[in-house]
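Contents: one structure, followed by commentary.
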Amino acid sequence: MASGYHLMELPTKVLIGEGVISKLGEFVKDSAGQQGVVVASGSNVGSKVRRAVVSSLPVEPVWVEVTAADVQNVDRVMAASTGRGCIIGVGGGKSVDVGKLAAFKLHLPFYSVPTSASHDGISSPFASLKGLDRPYSFMAKPPVGILADIEVIASAPRRLLASGCGDLVSKLTAVKDWELAHRVTGEYFGGYSASLALMSARTVLDGSKRIGTFSTDSVRDLVEALISTGVAAGIAGSSRPCSGSEHLFSHYLDILAPDSGLHGEKCGIGTIMMAKLHGIDWRRVRSALRNVGAPVEAAQIGVEESMVVEALTKASNIRPDRYTILSKRKLTEKSAGLLAKSTGVI
Ligand SMILES: [Zn+2]
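Position 235 of the sequence shown, counting from 1, maps to 228 under our numbering, and the rest follow consecutively.
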């Protein structure tokens, strides 16, 4: 569809810096109006953040605690949101995904207030829910605004920040898969959004030692890179620049071992192997992940060897419309095992 068209939907505003959570009320003022706001938030959001959110808003928000990223929680947030001005997702992945989808369904503005930086959902147009007929993200709308308090995010557990680095390096193979699909199937390829996504991956690949300190400055770079990949998807009009074979691998592990590993951790491990399949420098990916403290072996996230092999051989079936290196190579159990062993994943 080289001569086709697509819609670009992008976040309208981003407020980023230390202590900006106190400016939330001002940030959402245009959408909140007189109707007040709904906050979708997880139980892991600390009382300090909660107090800062409540005290910055002119009217007490309706606070909905999100317990899981599933349809029931989306329904709960939607039920609480009738007649309100906007929905604010405060927290990690779950709250942002649930809030984003509830707002999308109700045609309400959505604001993302990440308290960690574990994946690119903080800015992207996708939401990922459990218990649906397909185990991968789907298009909703990007947040109209993202408020990223670096002080709050830098105090998130290191494991979450390292997971965000895993989601960032995964753009390397996602873009390779996209280029491949363009060559093989003639699918639209957006050079600009691909470059933008690659630039975000390089933030970690080229600067892993610095990023891995998770100082305020490096966390700011990490967050800006994650926001940027969500924007790349908005420009592409699809998740292509952000999600390729490594994400299919991660989604397949979600089915096999739902409680093992974080999204970005699984994507990072997948990227090591997909990089090798693409013939690019997979050792560089592995050492960058190591430098930021992200797992590089399946055992580190409690995933068994047989699951890695099964995911490698079957991941492309969960989304047949998405052509990737896994569609081209069609790994057997034997070749999948060799790939995982030769890259040190198992
Ligand atoms: Zn991802």
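Yeah, the Cβ is synthetic: ideal placement off N, Cα and C, and Gly gets one too.
First through last residue of the alpha helix (DSSP H) which encompasses residue i
{"i": "L8", "result": "Counting along the chain, L8 falls outside any alpha helix (DSSP H), though it belongs to the beta strand (DSSP E) covering 6 to 10."}
{"i": "V296", "result": "Element bounds for V296: n/a, residue is neither H nor E."}
{"i": "E217", "result": "209 to 229"}
{"i": "E180", "result": "Segment: none, E180 is in no alpha helix (DSSP H) and carries neither H nor E."}
{"i": "I248", "result": "238 to 249"}
{"i": "D68", "result": "64 to 74"}
{"i": "G18", "result": "17 to 20"}
{"i": "N284", "result": "275 to 284"}
{"i": "S121", "result": "That residue, S121, is in no alpha helix (DSSP H); it is neither H nor E in DSSP."}
{"i": "A45", "result": "40 to 49"}
{"i": "S156", "result": "151 to 162"}
{"i": "I265", "result": "256 to 271"}
{"i": "A329", "result": "326 to 335"}
{"i": "I318", "result": "318 to 322"}
Close Cβ partners of residue i (< 6 Å) along its chain, the five nearest in sequence each way excluded
{"i": "M(-6)", "result": "Because M(-6) sits at a pLDDT of 45, beneath the cut-off of 50, its placement in the model cannot be relied upon, and the point is left open."}
{"i": "G12", "result": "E144"}
{"i": "S24", "result": "G78, C79, P102"}
{"i": "V67", "result": "V91, L94, A95"}
{"i": "H175", "result": "F182"}
{"i": "V47", "result": "none"}
{"i": "K22", "result": "none"}
{"i": "R315", "result": "none"}
Endpoints, beta strand (DSSP E) assigned at residue i
{"i": "V106", "result": "103 to 107"}
{"i": "L140", "result": "138 to 142"}
{"i": "C79", "result": "79 to 84"}
{"i": "A33", "result": "30 to 35"}
{"i": "V57", "result": "55 to 59"}
Anticipated Cβ contact below 8 Å, residue i with residue j, distance rounded
{"i": "L246", "j": "L161", "result": "About 19 Å separates the two Cβ atoms, so there is no contact after all."}
{"i": "G84", "j": "T60", "result": "G84 to T60, Cβ: 12 Å. No contact."}
{"i": "V106", "j": "G76", "result": "The Cβ separation is near 22 Å, so there is no contact."}
{"i": "G124", "j": "V64", "result": "6 Å"}
{"i": "T222", "j": "K164", "result": "6 Å"}
{"i": "V302", "j": "A268", "result": "About 18 Å separates the two Cβ atoms, so there is no contact after all."}
{"i": "S253", "j": "I294", "result": "5 Å"}
{"i": "I265", "j": "T336", "result": "5 Å"}
{"i": "I9", "j": "E217", "result": "7 Å"}
Beta-carbon spacing of residue i, residue j below 8 Å
{"i": "L140", "j": "L17", "result": "yes"}
{"i": "S40", "j": "S15", "result": "no"}
{"i": "G356", "j": "G29", "result": "No answer is possible for residue 356: the residues shown for the chain start at -6 and end at 339."}
{"i": "S238", "j": "D170", "result": "yes"}
{"i": "A304", "j": "L270", "result": "no"}
{"i": "V137", "j": "Y185", "result": "no"}
{"i": "L189", "j": "A167", "result": "no"}
{"i": "A110", "j": "I146", "result": "yes"}
{"i": "R69", "j": "V55", "result": "no"}
{"i": "S211", "j": "I204", "result": "yes"}
{"i": "A229", "j": "G257", "result": "no"}
{"i": "T317", "j": "L241", "result": "yes"}
{"i": "G227", "j": "E2", "result": "yes"}
{"i": "P135", "j": "A187", "result": "no"}
{"i": "L154", "j": "K321", "result": "no"}
{"i": "V340", "j": "A73", "result": "What the structure shows of the chain is the stretch from -6 to 339, and residue 340 is not part of that stretch, so it cannot be assessed."}
{"i": "I311", "j": "Y129", "result": "yes"}
{"i": "R152", "j": "F207", "result": "no"}
Neighbourhood of residue i by C-beta distance below 7 Å, restricted to the same chain and skipping five residues each side
{"i": "V52", "result": "G29"}
{"i": "E326", "result": "V302, T306"}
{"i": "S232", "result": "F119, S130, A226"}
{"i": "D113", "result": "D160, L219, T222, G223, C235"}
{"i": "S36", "result": "E58"}
Beta-carbon contacts of residue i that lie in its chain and below 8 Å, excluding the five residues immediately before and after
{"i": "A308", "result": "S238, L241, F242, H244, Y245, L319"}
{"i": "F97", "result": "F103, A120, A133, K134"}
How do the stretch 88 to 95 and the stretch 104 to 119 stand: do at least 3 beta-carbon pairs fall below 8 Å, yes or no?
yes
Hey, is the stretch 192 to 209 in contact with the stretch 279 to 289, meaning 3+ C-beta pairs nearer than 8 Å?
yes
Is there contact between the stretch 261 to 269 and the stretch 285 to 301, where contact requires at least three CB pairs shorter than 8 Å?
yes
Closer than 7 Å between the C-beta and any heavy atom of ligand 3: which residues qualify, listed along the chain?
Of the ligands this structure carries, namely ligand 1, none is ligand 3.
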